[in-house]
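Visitor:
Protein chains: 2
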Amino acid sequence: MMMINSGVTAAKGFQAAGIYAGIKKKRKDMALVYSQVPAKGAGTFTTNMVKAAPVKWDIQVTKESPFVQAVVLNSGIANACTGMEGDINNERMAKAVAKALNIPTEAVYTASTGIIGKQLPITTIEEGVLTLVKSLKDGNEAGKLAAEAIMTTDTYAKEAAIRFMIGDKKITIGGMAKGSGMIHPNMATMLGVLTTDLAISKELLQEALSENVKHTFNMVSVDRDTSTNDSLLILANGLAGNEEITEKNEDYETFCKALNMVTTDLAKQMAADGEGATKLLEVKVIGAKTWEDAANLSKSIISSNLVKTAVFGNDANWGRILCAMGYSGVVFDPDQVDLYIESEIGNLKLVEDGMATDYSEEVATKILSSNQVTAIADIKAGTATATAWGCDLTYDYVKINADYRS
Amino acid sequence: MMMINSGVTAAKGFQAAGIYAGIKKKRKDMALVYSQVPAKGAGTFTTNMVKAAPVKWDIQVTKESPFVQAVVLNSGIANACTGMEGDINNERMAKAVAKALNIPTEAVYTASTGIIGKQLPITTIEEGVLTLVKSLKDGNEAGKLAAEAIMTTDTYAKEAAIRFMIGDKKITIGGMAKGSGMIHPNMATMLGVLTTDLAISKELLQEALSENVKHTFNMVSVDRDTSTNDSLLILANGLAGNEEITEKNEDYETFCKALNMVTTDLAKQMAADGEGATKLLEVKVIGAKTWEDAANLSKSIISSNLVKTAVFGNDANWGRILCAMGYSGVVFDPDQVDLYIESEIGNLKLVEDGMATDYSEEVATKILSSNQVTAIADIKAGTATATAWGCDLTYDYVKINADYRS
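As given, the protein sequences belong to chains A and B, one line each in that order.
Per my numbering, the first sequence runs over residues 1 to 406.
Per my numbering, the second sequence runs over residues 1001 to 1406.
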C-alpha cells in the first residue's frame, strides 16, 4: 500500500474539473467529478434534523439509483433552509449535469456548501455546469482544481490517494474533502468525494464507508457544530478489473484498510485546517474497556473550548483534559488516569494516577509549541483505544466566524 | 415580592466576610458565610466524574449532617485532582472554621475554585480562616466582600436578594455566585451560596433547590465545559419565624417562586459576565411539545460557537440557529420554525416557516448591537417553553483561556 500524491482523478476512469462560475465573488465555486463508466455509489450524510436540499437528494440517489456517474458540487451557497425552491434548484443542477453528460439525472450526486438560507443562482449554476463538462480532464491537475473549487474558509485544498494490490490488480482510491468550520463528530460542513476503480457490490461499498467514517471523519471536531450539508460520497467504477467483492473476505479487509488510510489522511488535513487553527491536535485514549468509551472520551477532550484555548497558548493545563473526560458521560476512575503529551520535540508524562507528576512546565510548553501535538490518556480499564483529531481555538476562529457573511 | 439590593447577608441571622489570605497574588481569595443559628442545608453539585475534594465533602455533609451553620470558600485553587492530600486539606479547612466558630466540623460546607491539580496552601488557609471569623459582619458591605472574594475571571461580584411575605412573616432570600468560564448546563465552575431565614424542612429545601437549578443555573452556558467544582448551596435558618414548611402547599410555591427570581437573576449575571463576553444572549424556545424539548433546543442554540461568534459580530446569521436546533437531538419540523430577535432597540422576524423573511440586515444588526439580545424560536408543536442564557464568543475568551495559569 502506498499513498500517492493525487486526488479524485487518481483512480482509472475518473475525470474532474473545477471552475469559477460566478456564485462567489472571485474564487472557484463549482466542481465536477465524472466516471467514464457507471459506478456503484454510496454515501454517509449529516445527522442534523435540518438537511440541505442536496443531502436529501443524495440520500434518495444512494437508496434508489442502481448506479451513479457524476458528482456536481458548488461552494458559496449551501442550499439549506431554502424550502421547495431549494429542492427544485437542486434537481435543476443535477439535470443540467445529466443532460450535458448524457446520463440519467438519478446518476448525479449533488453537494453544496456555504451560506445557509440563500437560494442558488440557478441560471449561473446551469451555465457553470456546461463549462464544467467542457473542462473535464484526467490527471492530478484536474483533481486539484476540483478540490480547490469546493473550499469555503479552508486555507488549502485537501486531497489524498492510495494505491494497493488485490490479487494481481492494481487498485486506486482517491479523494478530496473540504472542512474548516462547523466540523464535529457526526459529520460537519464537510464535503468529501472518494473515487475508486475497485469492483465491489453496492451493499459492501456502503457498509465499508459507514464503518469507516466512525473512525475517521466522525472523530474530527473543530467547533462541535454539526452542519446541514455534510456528505461523504464514494463512487466505485470497477475499471481496475478485479473480481467484484461481494463478501467480507480478505480483499474486502484490504480495501477497508486502504480506505481508512485515505480518509484518515483527509480527516487530519481537515482538523489541521480548522478555522483559525495554528496546530493539529490529536487525542488518543488508550486502556479503555470498549472502543465506544475511548471514542467518547477522546471526542470530549478534542471538543473542549478550554482544552483548545490552552493548546493555543502552549499551556499544559492538564486539569482541563481530566475535566473534559469527566463530563464525557463515560464511567472511569479519575484516580487511575495517566496523561502524556508528545510532539516531534519530545514527550512528557503530565499526570500519573490522576495527579500531576513533577514535570517541567518549560519542557511541556516547548512540546506544545509544535504545529502537531498529541495528547494521550491511559485510563487503565482495558485494551480498547480510539483517536480523535481537532485543532486549537484561536483569535482567528472568532474573527472568521464573527464576520463570515460580509 | 420585591428584589432588594443585597446578597448573602440579606436574610435574618446571616453574617459574611471576604478577605485576602494569600492564595492568589493580590485579590481577595477567601470568604465565609455564617448563620448565627443552626440551619437546614441543601446543595446541588457537578455531574462531572472528576469531583473536587470540597464537592465530595459537601455531598456527604448534605446527606448526613442534621444542620449546617457555615460555608467557607476560597478562590485561586480548585482543590481538584489533588488525591488524598486534597481531601485532608479540605477537611482541615472545615475543621479550622468549626473550631473558630465552635460548631461541629460536619456543619461546615466548603467550596474551592481556581486552578486544578494544585494543593491548597493549607497553613495560609488556616490562618485565613481566623481572619475571616474575626471579620464576620452583618449587612450589605460584608456580603459584597464575600461575593468579591470568590471571583476568579469574573469581572464583577454577583449578588441578588428578594423579600416576600408568607402569612404575616417577612421572608428574605439572598445569594451570591461566581461563574465566568467553564459554565455549562449541569453546573459549571459556578459556585453559589444562598441564604434564607425561612423555616422549611430539609427535604423540601433540597427538592426546591434541585427543581430550581434545572430552570436557572443549568440553563446557562458559557463554553459547554462542566467543571469539577460546581456547587450551589442553600442554608435556611428559620429565623423569619414562619410556621415550618413541611409540605408542598401554597407557602412552598411562594418560596419556589421567590427562589427562582433570585437564582434567575444570578444566572443571568453569570451568563452576561461569561469570559470575554460583550453581551448577554437569551434564547427562548416556544411552542414545544415538552419542557425538555424546549430546554434541549435552547441549550443547543446557546452553546453553539458559531451562534456565539455571529452574535459577537452582530450578524443575524439565523442559519446557524436553525442548524444548532437541528443537531440538538430534538425531533421537530424545520419547515415550521419561526425565528425572532429582540433587544431594547426593537424586534424582527427573521424566519417564517423555516425560510428567511425579507427582513433588513441593517435593522437586524442594530438590534443585535445591544448588550442584551434575545432570540426566540417558535417550533409550533405545542405550548411548552424554556429559556437559556449565554453570551457571545469573543477574542477575549480566547485570550483569557490561552493564558489562564500564567
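For each residue, glycine too, the CB sits at the ideal point set by N, CA and C.
On the premise that GLU1243 (chain B) lies in contact with ALA959 (chain B), defined as a C-beta separation below 8 Å, what is that separation, rounded to the nearest angstrom?
Guide: Residue 959 (chain B) lies beyond the residue range present for chain B, which begins at 1001 and ends at 1406; the question has no answer from this structure.
Visitor: So, is the C-beta of ILE1116 (chain B) closer than 7 Å to a C-beta in chain A?
Guide: yes
Visitor: Could you work out which residues of chain A lie near GLY1143 (chain B), taking near to mean beta carbons separated by less than 9 Å?
Guide: Residues of chain A with a Cβ closer than 9 Å to the Cβ of GLY1143 (chain B) do not exist, since the nearest Cβ in that chain sits about 30 Å away.
Visitor: Using a cut-off of 9 Å between C-beta atoms, extract the partners of ALA1080 (chain B) located in chain A.
Guide: GLY319, LEU322 and CYS323
Visitor: May I have the straight-line CA-CA distance separating VAL1337 (chain B) from MET1325 (chain B), to the nearest angstrom?
Guide: Those two C-alpha atoms are separated by around 10 Å.
Visitor: Between which two residues does the alpha helix (DSSP H) harbouring TYR395 (chain A) extend?
Guide: 395 to 402
Visitor: Please work out which residues of its chain come closer than 8 Å, Cβ to Cβ, to ALA258 (chain A), disregarding the five sequence neighbours upstream and downstream, and give them in chain order.
Guide: MET1, ILE162, PHE164, ILE171 and ILE173
Visitor: Check whether the Cβ of ALA1011 (chain B) lies closer than 7 Å to any Cβ atom in chain A.
Guide: no
Visitor: Assign ASN1347 (chain B) to one of three DSSP states: helix, strand, or coil.
Guide: strand
Visitor: What residues of chain B sit near SER227 (chain A), judged by a beta carbon separation below 8 Å?
Guide: CYS1323
Visitor: What is the DSSP secondary structure of ALA1188 (chain B), reduced to helix, strand or coil?
Guide: With a pLDDT of 45 at ALA1188 (chain B), under the threshold of 50, the predicted position of this residue should be treated as unreliable, and no value is reported.
Visitor: By the three-class DSSP mapping on this structure, what secondary structure does PRO1038 (chain B) have?
Guide: Three-state DSSP puts PRO1038 (chain B) in a strand.
Visitor: In whole angstroms, what separates the C-alpha of ILE1234 (chain B) from that of ASN79 (chain A)?
Guide: Cα to Cα, the separation comes out at about 51 Å.
Visitor: Which residues, in order along the region 28 to 55 of chain A, keep a beta-carbon less than 9 Å from a beta-carbon of chain B?
Guide: Listed by position, the residues of the region 28 to 55 of chain A near chain B (Cβ gap below 9 Å) are THR46, THR47, ASN48, MET49, VAL50 and LYS51.
Visitor: Report the three-state DSSP secondary structure of MET182 (chain A) (helix, strand or coil).
Guide: In this prediction, MET182 (chain A) scores a pLDDT of 46, lower than 50, which makes its location untrustworthy; the coordinate-derived value is nonetheless stated afterwards. The answer is coil: DSSP assigns MET182 (chain A) none of H, G, I, E or B.
Visitor: Measuring only the C-alpha atoms, how far is THR1155 (chain B) from TYR1327 (chain B)?
Guide: Distance from the CA of THR1155 (chain B) to the CA of TYR1327 (chain B), rounded to the nearest whole angstrom, comes to 33 Å.
Visitor: State the CB to CB distance for the pair ALA1375 (chain B) and LEU1339 (chain B), rounded to an integer number of angstroms; the pair is presumed to be in contact (CB under 8 Å).
Guide: 7 Å
Visitor: For THR1062 (chain B), is the classification buried or exposed, using 16 other Cβ atoms within 10 angstroms of its Cβ as the cut-off for buried?
Guide: By the 10 Å Cβ count, THR1062 (chain B) comes out buried.
Visitor: Do ASN1089 (chain B) and ILE1122 (chain B) count as a contact pair if the criterion is CB distance below 7 Å?
Guide: yes
Visitor: Looking at the C-beta of THR1365 (chain B), does it have a partner C-beta in chain A at a distance below 7 Å?
Guide: no
Visitor: Starting from the beta carbon of THR1394 (chain B), find every residue of chain A whose beta carbon is closer than 7 Å, and list them in chain order.
Guide: VAL398
Visitor: Within a Cβ cutoff of 7 Å, which residues of the same chain sit near ILE59 (chain A), ignoring the five residues on either side of it in sequence?
Guide: Apart from sequence neighbours up to five positions away, the residues of its chain that approach ILE59 (chain A) with a beta-carbon distance below 7 Å are PHE45, ordered along the chain.
Visitor: Contact defined as beta carbons within less than 8 Å: I believe VAL1071 (chain B) pairs with VAL1193 (chain B). What is the distance between those atoms, to the nearest angstrom?
Guide: 5 Å
Visitor: Would you say ASP1005 (chain B) lies against chain A (beta-carbon separation less than 7 Å)?
Guide: According to the sequence shown, residue 1005 (chain B) is Asn rather than Asp. Chain A contact via Cβ: absent.
Visitor: Comparing alpha-carbon positions, which option in B:VAL1220, B:GLU1250 and B:ALA1294 lies nearest ALA1272 (chain B)?
Guide: B:VAL1220
Visitor: Under 7 Å Cβ to Cβ from ALA1011 (chain B), same chain only, skipping five residues before and after it: list those, please.
Guide: THR1172, ILE1173, GLY1174, THR1195, THR1196 and ASP1197
Visitor: I'd like the ranges of any beta strand (DSSP E) spanning at least 3 consecutive residues and lying wholly in the region 1273 to 1336 of chain B.
Guide: 1280 to 1288
Visitor: Quick check on this structure: which residue in B:ASP1293, B:ILE1345 and B:LEU1280 has the alpha carbon closest to the alpha carbon of ALA1364 (chain B)?
Guide: B:ILE1345
Visitor: Among B:SER1231, B:ILE1115 and B:LEU1101, which residue has its Cα nearest to the Cα of TRP1057 (chain B)?
Guide: B:SER1231
Visitor: Report the rounded CA-to-CA distance for ILE286 (chain A) versus LYS1137 (chain B), giving the unit in angstroms.
Guide: 53 Å
Visitor: Looking only at its own chain, which residues have a Cβ that is under 6 Å from the Cβ of ALA295 (chain A), when we skip the five neighbours before and after it?
Guide: ALA386
Visitor: By the 10 Å Cβ neighbour count, where 16 or more other Cβ atoms means buried, how is GLU275 (chain A) classified, buried or exposed?
Guide: Here GLU275 (chain A) is buried: its Cβ has 16 or more other Cβ atoms, across all protein chains shown, within 10 Å.
Visitor: Could you check if ASN1408 (chain B) is buried or exposed, using at least 16 other CB atoms within 10 Å of its CB as the buried criterion?
Guide: Outside the shown range of chain B, which is 1001 to 1406, sits residue 1408 (chain B), and nothing can be said about it.
Visitor: With distances taken Cα to Cα, identify the nearest neighbour of ALA1052 (chain B) among B:GLY1354, B:LYS1134 and B:GLU1091.
Guide: B:GLU1091
Visitor: Just to check my reading of the structure: ALA1160 (chain B) and ASP1265 (chain B) have Cβ atoms closer than 8 Å, yes? What is that Cβ distance to the nearest angstrom?
Guide: Indeed, because the Cβ distance is near 4 Å, the residues count as touching under 8 Å.
Visitor: Using the beta-carbon of each residue, which ones in chain A are nearer than 7 Å to GLY1326 (chain B)?
Guide: ASN48, MET49, VAL50 and THR228
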